[in-house]
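Working notes, structure below.
There are 2 protein chains.
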Amino acid sequence: MVSALILIAEGTEESEYTIVYDVLVRGSVSVSSALVGSSSTSADPANPHSAAYVTCSRGVKIVPDLRLPDLEGGKALEYDALIIPGGAKGAETISNNEDVTKLIAAMYGKGKVVGAICAGSLAIKEAGIGKDAAITSHPSVKAELDKEYTYKEERVVVADNLVTSRGPGTAFEFALTLVEQLVGKEKRDEIEGPLILPSGATIGHAQSSPDEVTPKE
Amino acid sequence: MVSALILIAEGTEESEYTIVYDVLVRGSVSVSSALVGSSSTSADPANPHSAAYVTCSRGVKIVPDLRLPDLEGGKALEYDALIIPGGAKGAETISNNEDVTKLIAAMYGKGKVVGAICAGSLAIKEAGIGKDAAITSHPSVKAELDKEYTYKEERVVVADNLVTSRGPGTAFEFALTLVEQLVGKEKRDEIEGPLILPSGATIGHAQSSPDEVTPKE
Numbered sequence: 001m002v003s004a005l006i007l008i009a010e011g012t013e014e015s016e017y018t019i020v021y022d023v024l025v026r027g028s029v030s031v032s033s034a035l036v037g038s039s040s041t042s043a044d045p046a047n048p049h050s051a052a053y054v055t056c057s058r059g060v061k062i063v064p065d066l067r068l069p070d071l072e073g074g075k076a077l078e079y080d081a082l083i084i085p086g087g088a089k090g091a092e093t094i095s096n097n098e099d100v101t102k103l104i105a106a107m108y109g110k111g112k113v114v115g116a117i118c119a120g121s122l123a124i125k126e127a128g129i130g131k132d133a134a135i136t137s138h139p140s141v142k143a144e145l146d147k148e149y150t151y152k153e154e155r156v157v158v159a160d161n162l163v164t165s166r167g168p169g170t171a172f173e174f175a176l177t178l179v180e181q182l183v184g185k186e187k188r189d190e191i192e193g194p195l196i197l198p199s200g201a202t203i204g205h206a207q208s209s210p211d212e213v214t215p216k217e
Numbered sequence: 001m002v003s004a005l006i007l008i009a010e011g012t013e014e015s016e017y018t019i020v021y022d023v024l025v026r027g028s029v030s031v032s033s034a035l036v037g038s039s040s041t042s043a044d045p046a047n048p049h050s051a052a053y054v055t056c057s058r059g060v061k062i063v064p065d066l067r068l069p070d071l072e073g074g075k076a077l078e079y080d081a082l083i084i085p086g087g088a089k090g091a092e093t094i095s096n097n098e099d100v101t102k103l104i105a106a107m108y109g110k111g112k113v114v115g116a117i118c119a120g121s122l123a124i125k126e127a128g129i130g131k132d133a134a135i136t137s138h139p140s141v142k143a144e145l146d147k148e149y150t151y152k153e154e155r156v157v158v159a160d161n162l163v164t165s166r167g168p169g170t171a172f173e174f175a176l177t178l179v180e181q182l183v184g185k186e187k188r189d190e191i192e193g194p195l196i197l198p199s200g201a202t203i204g205h206a207q208s209s210p211d212e213v214t215p216k217e
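The listed protein sequences derive, respectively, from chains Y and Z.
Numbered according to full-length UniProt numbering, the first sequence spans residues 1 to 217.
Numbered according to full-length UniProt numbering, the second sequence spans residues 1 to 217.
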């Protein structure tokens, strides 16, 4: 089974994290998330029912599946994709973590899919990968990227194994592109109908009318 | 400040919950969520750092802000809106909870905004409100609604204080419509640009080009 690791930190943009996680799972990808930095709460090791959570950019509280130490010993490199969501504060924490930028560079070097959306694209720059490649981001961080990359205004930009996108409203297209890259176009087409996306969000893919598919939700 | 209460249960569709929460907060709405039914984990009352979370339909783990008992004594009726996300299992738990269907009916009767998306529309029927009104839902539950309501295939349907929508891919439009109803069109227009939605998701609203706005993310 194809697998993906999504990073999360205090202040991550919750819709970007959640949409990517949700759509990848719909696309038959095995998804885990890993906390970068500290979280709002800490789990009590003596209590199996306690859980640490992060408070996202607009207050949604999310429990990460893993923490970075769980991935030591090269375990992170076994994933087929590494995804970095946005949210100004979360993206800053992720970009400033040297273990993480080394991981991004290692995954990219191995030809794994590296995806970043919104301010998450800043971590691509910090990792020093894909210089001069086509890239996009949230417009608010364009000025930090357009000197070292070929900056595009497109909603999703694919440059070999680097996939970038712009914001919460492009997250479905970003995630569907990742499914297409990781699993294939057939799977993308299969899961696209029941999501009921706006017609403008299909980027050249024929979208089935919701009533022509067998919806699962 | 205008306020909204979003319901959540094991199996809630995580993107619908998160997008609505996120966009309402961007729209200056004070948002709280409340757990219906039991959760994957229970918090330890002796440990302030423990948190109960629900596992959503595709595995995202979310910590609700409140539980139903926190809202006893009429506190739920103080919110300006009540929102029901989809996800087959989550919507079933919400629809089958008599305290919740009574609350939905009471909020609707008081003229508060009642919103439901995807399979969440089934809770509207269980609450017995708005009979014959225009309604929509995920296509997969249309047959359970189209005899008692005027079923529409539109992406967001507003019938007085009842607002319904179709699925994860319509959640941004649903949430923006709720912002428009609760706060006003000016606020909707202000927050729409930085989200960078597909042009088809603006339902008649002029969408600013991302570079013409002052993005915040």
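Think of the CB as a built atom: it goes at the ideal place given N, C-alpha and C, for glycine as much as any other residue.
Specify the secondary structure class of Val60/Y as computed by DSSP and reduced to three states.
Val60/Y falls in the coil class under three-state DSSP.
Can you confirm whether Pro94/Y, when its beta carbon is compared against all beta carbons of chain Z, has any partner nearer than 7 Å?
The residue asked about is misnamed: residue 94/Y is Ile in this sequence, not Pro. At a cut-off of 7 Å between beta-carbon atoms, Ile94/Y makes no contact with chain Z.
Would a check of beta-carbon distances place Thr170/Y closer than 7 Å to chain Z?
Yes, contact with chain Z.
Cα-Cα separation between Leu68/Z and Ala143/Y, rounded to whole angstroms:
The straight-line gap from Cα to Cα measures roughly 46 Å.
Can you list, in chain order, the residues of its chain with a C-beta nearer than 8 Å to that of Glu217/Y? Leave out the 5 residues immediately preceding and following it.
Bear in mind that a pLDDT of 49 at Glu217/Y, under 50, signals an unreliable position, so the number given afterwards is only what the model happens to contain. Around Glu217/Y: Pro194.
Spatially closest choice to Thr136/Y from Ala159/Y, Lys112/Y and Asn97/Y, by CA coordinates
Residue Ala159/Y is the option with its Cα nearest to Thr136/Y.
Cβ of Val20/Z less than 7 Å from any chain A Cβ?
Among the chains of the structure shown, chain A does not appear; the protein chains present are Y and Z.
Ala91/Z, enclosing alpha helix (DSSP H) - first and last residue
First-last of the alpha helix (DSSP H) with Ala91/Z: Ala88 to Ser95.
Let me know the secondary structure DSSP gives Thr170/Y once reduced to three states.
The answer is helix: DSSP assigns Thr170/Y an H, G or I state.
Are Glu16/Z and Pro85/Z touching if we call contact CB-CB under 7 Å?
Yes, the pair counts as a contact, with Cβ atoms nearer than the cut-off.
Going along chain Y, which residues have a C-beta under 7 Å from Leu122/Z?
Taking a Cβ-Cβ threshold of 7 Å, none of the residues of chain Y is close to Leu122/Z; the smallest such distance is about 12 Å.
Determine, for Leu197/Y, whether the minimum Cβ-Cβ distance to residues of chain Z falls below 7 Å.
Interface residue, yes.
Are the C-beta of Ile62/Z and some C-beta of chain Y separated by less than 7 Å?
Chain Y, which has a Cβ nearer than 7 Å to the Cβ of Ile62/Z, makes this yes.
For His138/Y, I'd like the list of residues in its chain whose CB is within less than 7 Å of its CB, leaving aside the five on either flank, ordered along the chain.
Taken in chain order, the residues that qualify are Gly86, Cys118, Ala119, Arg166 and Gly167.
Which first and last residues belong to the alpha helix (DSSP H) in which Thr18/Y is found?
In this chain, the alpha helix (DSSP H) harbouring Thr18/Y covers Glu14 to Arg26.
Between the alpha carbons of residue 298/Z and Ile129/Y, how many angstroms are there, rounded?
This structure leaves residue 298/Z out entirely; chain Z is present only between 1 and 217.
Taking Lys125/Z as the reference, which of Ala171/Z, Ser33/Z, Glu153/Z and Thr164/Z has the closest Cα?
Ranked by Cα distance from Lys125/Z, the first of Ala171/Z, Ser33/Z, Glu153/Z and Thr164/Z is Thr164/Z.
If you compare alpha carbons, which of Leu197/Z, Glu92/Z, Lys187/Z and Pro198/Z is closest to Val25/Z?
Its Cα nearest to that of Val25/Z, the residue Lys187/Z stands out among Leu197/Z, Glu92/Z, Lys187/Z and Pro198/Z.
Just grab the DSSP bridge partners of Arg67/Y for me.
According to DSSP, Arg67/Y bridges with Leu35/Y.
Going by other Cβ atoms of all chains shown within 10 Å of its Cβ, with 16 needed for buried, is Gly27/Y buried or exposed?
Label assigned to Gly27/Y: buried.
Once the 5 residues before and after Leu145/Z are set aside, which same chain residues still bring their CB inside 7 Å of it?
Cβ within range, chain order: Ser121, Lys125, Ile135, Ser137 and Tyr151.
For Ser3/Y, which option in Val183/Y, Glu192/Y, Pro198/Y and Thr93/Y has the closest C-alpha, if you only look at C-alpha atoms?
Val183/Y is the residue among Val183/Y, Glu192/Y, Pro198/Y and Thr93/Y whose C-alpha sits nearest the C-alpha of Ser3/Y.
With DSSP run on the structure shown, which of helix, strand or coil describes Ala123/Y?
Looking at Ala123/Y - three-state DSSP - the assignment turns out to be helix.
Taking 7 Å as the threshold (C-beta atoms), are Arg58/Z and Asp65/Y in contact?
Their beta carbons are not under 7 Å apart, which means Asp65/Y does not touch Arg58/Z by this criterion.
Count the other CB atoms, across all protein chains shown, that sit within 10 Å of the CB of Met107/Z; report buried if there are 16 or more and exposed otherwise.
Buried, since its Cβ has 16 or more Cβ neighbours within 10 Å.
Pick from Thr101/Z, Ala133/Z, Ile94/Z and Leu197/Z that is closest to residue 266/Z, judged by C-alpha positions:
The requested residue 266/Z does not occur in the structure, where chain Z is confined to residues 1 to 217.
Taking 7 Å as the CB-CB cut-off, is Ser28/Y touching chain Z?
Taking 7 Å as the CB threshold, Ser28/Y stays off the interface with chain Z.
Residue range of the beta strand (DSSP E) that includes Thr101/Y
Taken as a continuous stretch (DSSP letters only), Thr101/Y belongs to no beta strand (DSSP E), being part of the alpha helix (DSSP H) at Glu98 to Gly109.
Output yes or no for whether 7 Å exceeds the beta carbon distance between Leu82/Z and Leu178/Z.
No, these two residues do not count as a Cβ contact at 7 Å.
Take Gly90/Z as the anchor and find which of Ser30/Z, Glu190/Z, Ile8/Z and Glu180/Z has the nearest alpha-carbon.
Ile8/Z is the residue among Ser30/Z, Glu190/Z, Ile8/Z and Glu180/Z whose C-alpha sits nearest the C-alpha of Gly90/Z.
Among Glu10/Y, Ala105/Y and Thr170/Y, the one whose alpha carbon lies nearest that of Ser39/Y
Checked all of Glu10/Y, Ala105/Y and Thr170/Y; the closest Cα to Ser39/Y is Glu10/Y.
Once the 5 residues before and after Leu103/Z are set aside, which same chain residues still bring their CB inside 6 Å of it?
Closer than 6 Å at the Cβ level, and outside the excluded window around Leu103/Z, lie Ala76.
Got a sec, what are the start and stop residues for the beta strand (DSSP E) Leu7/Z sits in?
From DSSP, the beta strand (DSSP E) with Leu7/Z extends over Ser3 to Ile8.
Bounding residues of the beta strand (DSSP E) (the contiguous stretch that carries Gly115/Y)
Unbroken beta strand (DSSP E) run through Gly115/Y: Val113 to Ile117.
Positions along the segment 3–19 of chain Z whose CB lies within less than 7 Å of some CB in chain Y
Shown in chain order are the members of the segment 3–19 of chain Z whose Cβ falls below 7 Å from a Cβ of chain Y: Glu13, Glu14, Ser15, Thr18 and Ile19.
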